[in-house]
Amino acid sequence: MASPKNARSPGWTRPIAQCMAGAKPKASAPGPDLPRPGTEEHLDAHDSQSSNSSMTTRELQEYWRTQKRCWKHVKLLFEIASARIEEGRVSKFVMYQIVVIQTGSFDSNKAILERRYSDFEMLQKKLLKTFREEIEDVVFPKKHLMGNFTPEMISERKLALKEYLGLLYAIRCVRRSREFIDFLTRPELKEAFGCLRAGQYTKALDILVRTVPLQEKLTSHCPVMVVPSLCAMLVCHRDLECPAEAFAAGERALQCLQAREGHRYYAPLLDAMARLAYELGKDFVSLQKRLEENQLRKPAPRGFTLKELTVQEYLY
1 MASPKNARSP GWTRPIAQCM AGAKPKASAP GPDLPRPGTE EHLDAHDSQS
51 SNSSMTTREL QEYWRTQKRC WKHVKLLFEI ASARIEEGRV SKFVMYQIVV
101 IQTGSFDSNK AILERRYSDF EMLQKKLLKT FREEIEDVVF PKKHLMGNFT
151 PEMISERKLA LKEYLGLLYA IRCVRRSREF IDFLTRPELK EAFGCLRAGQ
201 YTKALDILVR TVPLQEKLTS HCPVMVVPSL CAMLVCHRDL ECPAEAFAAG
251 ERALQCLQAR EGHRYYAPLL DAMARLAYEL GKDFVSLQKR LEENQLRKPA
301 PRGFTLKELT VQEYLY
């Protein structure tokens with residue numbers, strides 16, 4: 001393991017086990033690991049299958065018990081708390097504030113986001129392409145030719161949009177779809193990753209801290225979907241020289257990955273965690289060993305570093 005001084009050198013984010021220096025990394029498809037619309041069951045199926053093949057029966061049983069606990073449905077409540085009229089360059093529009101709360105217990109991490117009517121309209125169009133039969137009884141509040149900005153119409157639409165989100169969320173395949181999850185999280189995550197690419201780590205963290213809890217609630221059926229965001233938090237904390245907070249975010253990401261050793265984030269995350277553990281005086285040997293075992297099972301010319309992976313997310 002490199003000394004703390006070397007770990008702070010410009011190249012300290014490179015994998016610990018150096019392989020074929022100078023080789024160019026393979027291109028990786030940008031964007032987060034999200035399921036195809038309505039088919040979250042086969043997300044990362046190849047990764048899971050390849051990693052599970054090397055596990056013992058007892059390890060497999062424990063793995064699936066853990067997965068079943070992760071799949072417990074989290075019930076969410078949607079409120080349209082307020083609305084305001086915004087003046088655009090060419091026209092004006094109404095911005096609706098959405099509050100998302102987990103029911104059944106006190107939720108200290110309620111999510112607050114803003115969407116305009118056109119965002120809801122775009123969501124409806126996307127859902128109709130894939131879930132036309134499933135949402136045929138869900139009424140979408142139509143746009144009126146006149147009177148869209150009167151207090152009465154705005155109040156009426158607030159109630160209609162609240163009911164619309166609740167009805168969508170009640171349909172299992174819809175609430176787990178890429179379209180629905182993206183509607184509630186993608187604008188904020190795209191902004192956060194843009195800040196990360198620009199080196200604005202504090203601003204990126206501020207957005208991630210507010211958005212990741214909602215993303216975790218929406219993806220409780222498939223925790224691996226939140227891994228890029230947690231890794232982005234690790235990168236931001238680390239570059240802000242807050243190694244303890246970075247390590248905590250990495251632990252959450254590793255917990256989400258579980259036994260998915262074939263996942264593209266697994267080795268870079270282990271590498272970053274081993275270096276952080278060494279810096280913090282924690283057990284880096286076990287992390288180093290897991291990384292070396294992973295590289296033996298899945299040798300690669302040169303892998304992406306964790307930061308190189310995260311900056312590719314939400315480019316489009």
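With full-length UniProt numbering, the residue at position 259 of the sequence shown is 259, and numbering never jumps.
Don't be surprised by glycine CBs; every beta carbon is placed ideally from N, CA and C.
Residue i versus residue j - alpha carbon distance
i: H237; j: R175; result: 31 Å
i: E293; j: L167; result: 47 Å
i: A246; j: C231; result: 9 Å
i: T219; j: S286; result: 29 Å
i: Y316; j: D182; result: 13 Å
i: K307; j: L159; result: 42 Å
i: H263; j: E279; result: 25 Å
i: R84; j: F106; result: 28 Å
i: L205; j: E188; result: 11 Å
i: A192; j: P213; result: 14 Å
i: V90; j: P299; result: 55 Å
i: M225; j: E121; result: 25 Å
i: E134; j: K75; result: 19 Å
i: L196; j: R186; result: 15 Å
i: L234; j: E241; result: 11 Å
i: K143; j: R132; result: 20 Å
i: A259; j: I154; result: 49 Å
i: Q312; j: M146; result: 43 Å
i: Q124; j: Q215; result: 20 Å
i: S177; j: S118; result: 19 Å
i: P30; j: K92; result: Only weak support exists for where P30 lies, its pLDDT of 43 falling under 50; the value from the coordinates is given anyway. Rounded to whole angstroms, P30 to K92 spans 34 Å at the Cα level.
i: A170; j: E136; result: 13 Å
i: L113; j: G194; result: 18 Å
i: S229; j: T211; result: 9 Å
i: A248; j: E163; result: 37 Å
With 16 other Cβ atoms within 10 Å as the buried cut-off, status of residue i
i: F284; result: buried
i: P243; result: buried
i: A253; result: buried
i: H221; result: buried
i: P151; result: exposed
i: V227; result: buried
i: V139; result: exposed
i: E261; result: buried
i: R297; result: exposed
Beta-carbon separation (whole angstroms), residue i vs residue j, contact threshold 8 Å
i: A272; j: G303; result: Actually they are not in contact, since the Cβ atoms of A272 and G303 sit about 12 Å apart, beyond 8 Å.
i: A274; j: Q295; result: Wrong, their Cβ atoms sit about 12 Å apart, outside the cutoff.
i: L208; j: I80; result: 24 Å between Cβ atoms; not a contact.
i: P223; j: C173; result: Not confirmed; about 19 Å, so no contact.
i: E179; j: L127; result: 6 Å
Beta-carbon spacing of residue i, residue j below 7 Å
i: Q97; j: S82; result: yes
i: Y201; j: D239; result: yes
i: V99; j: K110; result: yes
i: R157; j: P141; result: yes
i: K217; j: Q102; result: yes
i: P268; j: T310; result: no
i: F78; j: L165; result: yes
i: L270; j: R290; result: yes
i: K203; j: Y314; result: no
Cutoff 7 Å: residue i Cβ touching any chain B Cβ
i: K298; result: Looking for chain B here will not work: only one protein chain is present.
- Task: Please specify which runs of the alpha helix (DSSP H), each continuous and at least 4 residues long, are wholly inside the region 206-294, giving them in chain order.
- Result: Counting whole runs of 4 or more residues, the region 206-294 contains the alpha helix (DSSP H) stretches 227-239, 243-257, 266-280.
- Message: At 4 residues or longer, what runs of the alpha helix (DSSP H) sit wholly inside the region 80-168?
- Response: Counting only runs that start and end inside the region 80-168, the alpha helix (DSSP H) elements of at least 4 residues fall at 117-131.
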